[in-house]
Structure formats: C-alpha cells, structure tokens
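Chains as they are written, first to last, in this note's numbering: chain A, 1 to 89; chain B, 1001 to 1419.
Idealized CB from N, CA, C, for every residue including glycine.
Note that this is a predicted model, so its numbers are computed, not measured.
Written below as structure tokens is the structure these notes are about.
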C-alpha cells in the first residue's frame, strides 16, 4: 500500500464515519475549526484508523499533536512504516 | 361531569399531538391510510434464515427512514430506536403546534422507553470484544446506544428538553405505561407538557425470545401477509415488529391557554403486576388491570365504545384477554387488534395503538382486526370487528400486556366529555 492509497483510505473512512463532504478534505483542513470535530470525534477517529490500518493510536502520544487532516495522514503513514520495519515481522 | 375518585389528582390531561414511525410508514397519515385500507407491514425477513434454530422467518420492519434531518452530533449517540423516536416526536410536536421555546421550557419533559437498549449495538460491541477480550473497537458513543435510557436521553438531547426525562421499561407494555406515567406526571402538577411513548428496533434476538417460548408464529413463513392472526382459530403466535409511537400530553389548562387542538383526554390508567404470570398471560390479572383503569376513569363499563386490544395472535394471550374483556366490559363492546396490520411493535405498540384509537375517534371509523377470518370459540363470544365500521366512538380502552407480568390499560376519550 503506497502513501496515496493510505490517504485515500483515511479520507474515505472520514467521509463514511463523520459524513464529511469529500471536497472539504484538504490536507490543511483543521479537524476542529474546519471539519467540526470535537473530543468524541477524536476518540472515534482513533477507533476507525486502528480498525483500518491495524496501528495502535490509542496509546500513541503523537496523536495529541494532530491538528490538521494532513497531520492525520502523516502520522498514520509513519506508524504504518514503523510497524512494517519492526524487527521480527 | 365525570365523577372522579378523591385519590386521583385533579389536573386533567389531554392529548394534543401524535407522531408515528411504524412498519406501515414513517408518519401518522400513512399509518392511518394503511389501517383503513387493511394493508400489512408484515413481510418475509430473509436474514432470519441465517439464525440457526429460529423457526419464524417473518417480521414487521420499518421502511427506510431518512435520518439525515437529525444533526450528526446528536445522531451519533442514537441507534435505530432513538432515530425512530426522534422522528415520531418531531411529528407529534409539529402536530401539537408547540414552539421550540415551549419544548425547551423546564415544564416540558419526556417519558419514553424501549424493551432494552439497542440489541443491534450490543451485538456489535461483543463482536468487537469477543476475539481477544479487547475494547479497542469501542467507540465513544457506543454506551449511549445500549443504555436502558437510550431513547429518553437521546430524545431529550435532540429536542432540547430541560424538564423531566423518564425512561420506563416494561417490555411490550412500555409504550402504554410511558403514556400513563407521563399523564400522572402532568396530573400531579410536576410538568405541563410531556412527550410520551415507546420505541424499539428489531433484532433476531427479540423474535428468538418468543420463538423459544413457542409463542412466535412459524406456520406462515411462505405467506407472511396472513400472520399474525389475532383472535382467529388458526392463529399461531406473534410476529415481532419495530417502530415508535409518540404522543404529546398537556394539562388541559396549558392546552387551552395556548389554544391547542385537543385530540383526546386521558381518563384512566392502570399499571398492575401479575405475580404468578411472568411468562404466561393471566385472565384474572388482566381483569384486575382493566377494572382498575375503568374505575380511575370514573366511567361505567357501558361507556366504553371500543377496545383496542393487545391481542398479538398467541393462543393463550388472546384468549385470556378476551375472557377479561368479557368479564369487565361485556360482550357487546366492539373489539379489534392492530397486530395483523403491523405485527407486535414491542415498546412502541401501546403508543401506536393509542394513536390509532384517537384517529379512529377523529374519523368516526373503527378499524377491524386484519387476518381474522374465523374467530376461535372463546374470542368469538366478543363483538370482534371484521370490517371497517363507521361507528361514533367517544371513549375507548387501549390494552398492553408484557412478558414480566406487567399489565396496563388506558381509558381515553376523543374529546372533552363535558363539552
């Protein structure tokens, strides 16, 4: 799965889960201010991404730094790479 | 003037709004049209074939509803039953002509229940948890769909209720009991307006419960429109359904002050428990329930013009209810059950039956029991309606009885009796 495919899956998940207009899913869109997220949406975002990619976001401190959709894309891509390069895989 | 027992609070309670989401359609006019035309909302539900051991393959599901009109941030806490409840409540409030400020007033409350919290969502939770006892798939909003008070809480949030939010639960009698408790709340002066009713969403488990008790219909899987058959000699059990029935209740003074149209008055309500009949009906206990409701109304038995019976189409239940009606009201009162049209909509059924009764009064038409071809011997002693009859109805009784031994009945008039 390349980065573009990861981004597409994330965006599709957000459209399905949070009923967002696909046209609003620009990388610089801020989750709270532009996409209307609240704290509960953050919790469900974690659940949706964990399910889609098998990454552990709930215990991931970097999730707290996520502000924009682009931040979400970058974090998931990073975590996926880390998961794939873990020794013993 | 109606004489009332001194123990009954003095505030009169009227109905001013109706809202219905049922297997027959997603609003009140559609429900009424289908009832008068004798249509059924009962269908084959092919998904039931995937449940091992289940004999019944038929259900009364609500047609697709458009829930997008409910804001996502309210809707994300809702399972289907709360969506049904919200849509029905909105219809009832519009029907009542209440303003948003009146709905949000602290003297306005809700009294709404379901048989259980969302079984669909509960299954989803355990499916996610079971493989490795993990809660990693648990969403933040999940609890709000499975808690017992899910419907009442969600409805209160969606409507902006700041008064009482009550969540009664009494299995199949929930809707009627919610109306009765809401009426008592107004009569006692605790609230001026109450949005009351019941809602449920269907999951195979609900059907399975009746199937296990051998109380679910199973002989009509190949001709679902012919079941359930209340009072009929060939009845073989319940068909489970879903939906929501909501009524707006108000104190008479509140309704008159704002010039509201009065659709009916709640005259009497009984809620009784049958201590030896948790899973089987008891004619003796039903007699007690109906007698209590009638006594509270202050009316004599000959004043009741119609009975909207609970009669779900089970062998024992229909017979017990008919024996009780005969004993309390005699053989001449017209009786019908709406389960043949829309199955047993569980917690919604009592409220939907009350709504249908008020519509019958308003239109001067009594709706018969669908699928009643040849009454059995005991039931046939009553005056069972076989076709739509243009009869004036001033006072009616609506019955709901539940697994768990909770019985309830409401006595209602279609207008103010002293006018």
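{"query": "Between residue 1235 of chain B and residue 1120 of chain B, is the Cβ-Cβ spacing less than 8 angstroms?", "result": "no"}
{"query": "The stretch 39-57 of chain A: which residues have C-beta closer than 7 angstroms to a C-beta of chain B, in chain order?", "result": "40, 43, 44, 47, 50 and 51"}
{"query": "Are the beta-carbon atoms of residue 1383 of chain B and residue 1328 of chain B separated by less than 8 angstroms?", "result": "no"}
{"query": "When you measure from the CB of residue 1314 of chain B to every non-hydrogen atom of the ligand ATP, does any distance come out below 7 angstroms?", "result": "Annotation note on the ligand ATP: not contained in the displayed structure, which lists no ligands."}
{"query": "Beta-carbon within less than 6 angstroms of residue 1012 of chain B's beta-carbon, same chain only, minus the 5 sequence neighbours each way: which residues are those?", "result": "1252"}
{"query": "Whose Cβ in chain A lies nearer than 8 angstroms to the Cβ of residue 1137 of chain B?", "result": "47, 50 and 51"}
{"query": "Let's see if you can read the secondary structure: which residues bound the beta strand (DSSP E) around residue 1246 of chain B?", "result": "1243-1251"}
{"query": "Which value, in whole angstroms, describes the spacing of the CA atoms of residue 1337 of chain B and residue 37 of chain A?", "result": "48 angstroms"}
{"query": "Relative to the C-alpha of residue 1020 of chain B, which residue among B:1106, B:1349 and B:1373 is closest?", "result": "B:1349"}
{"query": "Does the Cβ of residue 1126 of chain B have 16 or more other Cβ atoms within 10 Å, making it buried, or fewer, making it exposed?", "result": "exposed"}
{"query": "Any idea which residues DSSP pairs residue 1020 of chain B with across the strands?", "result": "B:1245"}
{"query": "For residue 9 of chain A, which residues from the same chain have a beta carbon less than 7 angstroms from its beta carbon, with the 5 sequence-adjacent residues on both sides left out?", "result": "52"}
{"query": "Any idea if residue 1130 of chain B is buried or exposed, counting beta-carbon neighbours within 10 angstroms, 16 or more meaning buried?", "result": "exposed"}
{"query": "Can you tell me which of the three DSSP states residue 1404 of chain B falls into?", "result": "coil"}
{"query": "Where do the N-terminal and C-terminal ends of the alpha helix (DSSP H) with residue 1029 of chain B fall, by residue?", "result": "1028-1037"}
{"query": "From the DSSP output, which residues share a beta bridge with residue 1219 of chain B?", "result": "According to DSSP, residue 1219 of chain B bridges with nothing at all."}
{"query": "Which chain B residues are close to residue 19 of chain A, counting only those with a beta carbon under 7 angstroms from its beta carbon?", "result": "1072"}
{"query": "In whole angstroms, what separates the C-alpha of residue 67 of chain A from that of residue 1408 of chain B?", "result": "55 angstroms"}
{"query": "Which of the three DSSP states is assigned to residue 2 of chain A in this structure?", "result": "coil"}
{"query": "Should residue 1 of chain A go down as buried or exposed, given a rule of 16 or more other Cβ atoms within 10 Å for buried?", "result": "exposed"}
{"query": "For a cutoff of 8 angstroms on Cβ pairs, would you count residue 1141 of chain B as touching chain A?", "result": "yes"}
{"query": "According to DSSP, residue 1110 of chain B sits in a beta bridge with which residue or residues?", "result": "B:1165 and B:1195"}
{"query": "Relative to the C-alpha of residue 1069 of chain B, which candidate in A:4, A:19 and A:11 has its C-alpha closest?", "result": "A:19"}
{"query": "Start and end of the alpha helix (DSSP H) containing residue 78 of chain A?", "result": "69-84"}
{"query": "Is the beta carbon of residue 1168 of chain B less than 8 angstroms from the beta carbon of residue 1113 of chain B?", "result": "yes"}
{"query": "Measuring alpha carbon to alpha carbon, tell me which residue in B:1345, B:1391, B:1399 and B:1122 is nearest residue 1025 of chain B.", "result": "B:1345"}
{"query": "For residue 1271 of chain B, write down the residues that DSSP places opposite it in a beta bridge.", "result": "B:1408"}
{"query": "With residue 1336 of chain B as the anchor, note down where its beta strand (DSSP E) starts and where it stops.", "result": "1334-1336"}
{"query": "Three or more beta-carbon pairs under 8 angstroms between the stretch 1046-1057 of chain B and the stretch 1371-1378 of chain B, yes or no?", "result": "no"}
{"query": "Going straight from the alpha carbon of residue 1118 of chain B to that of residue 1293 of chain B, what length do you get?", "result": "31 angstroms"}
{"query": "Taking the beta carbon of residue 30 of chain A as the centre, do at least 16 other beta carbons fall within 10 Å, making it buried, or is it exposed?", "result": "exposed"}
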